Amino acid sequence: MQYADDNATPGQTAEDLQRTVITYNTVYERFGMQVNIDKTKVLIQHPPGQRLPNINTTINEHTLEEKNQLSYLVSILTSTPPCKKDVENRIRAAHSAYGRLSCRVFNNHALTMATKIMVFQAIVLSTLLMHVKYGPSTEVKSKA
3 MQYADDNATP GQTAEDLQRT VITYNTVYER FGMQVNIDKT KVLIQHPPGQ RLPNINTTIN
63 EHTLEEKNQL SYLVSILTST PPCKKDVENR IRAAHSAYGR LSCRVFNNHA LTMATKIMVF
123 QAIVLSTLLM HVKYGPSTEV KSKA
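So the sequence shown is residues 3 to 146, counted in this note's numbering.
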């Protein structure tokens, strides 16, 4: 998957990934560009219950750093398949949107339930879904 200057490339094996990285690098060089080796990271998702050895993916003889967690667009990818952190991040963003509107909308007795539901759907749910698709408009921090 490529979006602007972000690229996520899956590979079934270390060899697949290495071939793909070499291909990207070759194509980019043909267009006068280069892969930023310092920003290029590798994340390996192992099958549940298995731990495979680290792989050495290289570009022009430079080994790419292997990470346990990466952000791609809005999602948080981890080396363990369950997306717990990603789900928590999305819920946190929607919770924050709800909290900012509590006093003005949801605790406001002058507004009808229908209005509150429309605001909830328009702001809170869309924040959750937009966070999934585009990312948060502001950084959301946990109070824990």
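Using N, Cα and C, we set each Cβ at its ideal position, and we do this for glycine too. From a predicted model like this one, the values you see are computed outputs, not experimental measurements.
On the DSSP bridge list, what partners appear for SER73? ILE78
Please list the terminal residues of the continuous alpha helix (DSSP H) segment that includes LYS118. 115-121
Compare the beta carbon distance of ALA96 and VAL126 with 7 Å and say whether it is the shorter of the two. yes
List the DSSP bridge partners of ILE61. HIS64
So which of VAL37, GLN47, ARG53, LYS87 has the shortest CA-CA distance to LEU66? VAL37
Can you have a look at ALA112 and say buried or exposed, based on whether 16 or more other CB atoms are within 10 angstroms of its CB? exposed
Report the residue from ALA124, VAL44, LEU103, THR11 whose alpha carbon sits nearest the alpha carbon of HIS64. VAL44
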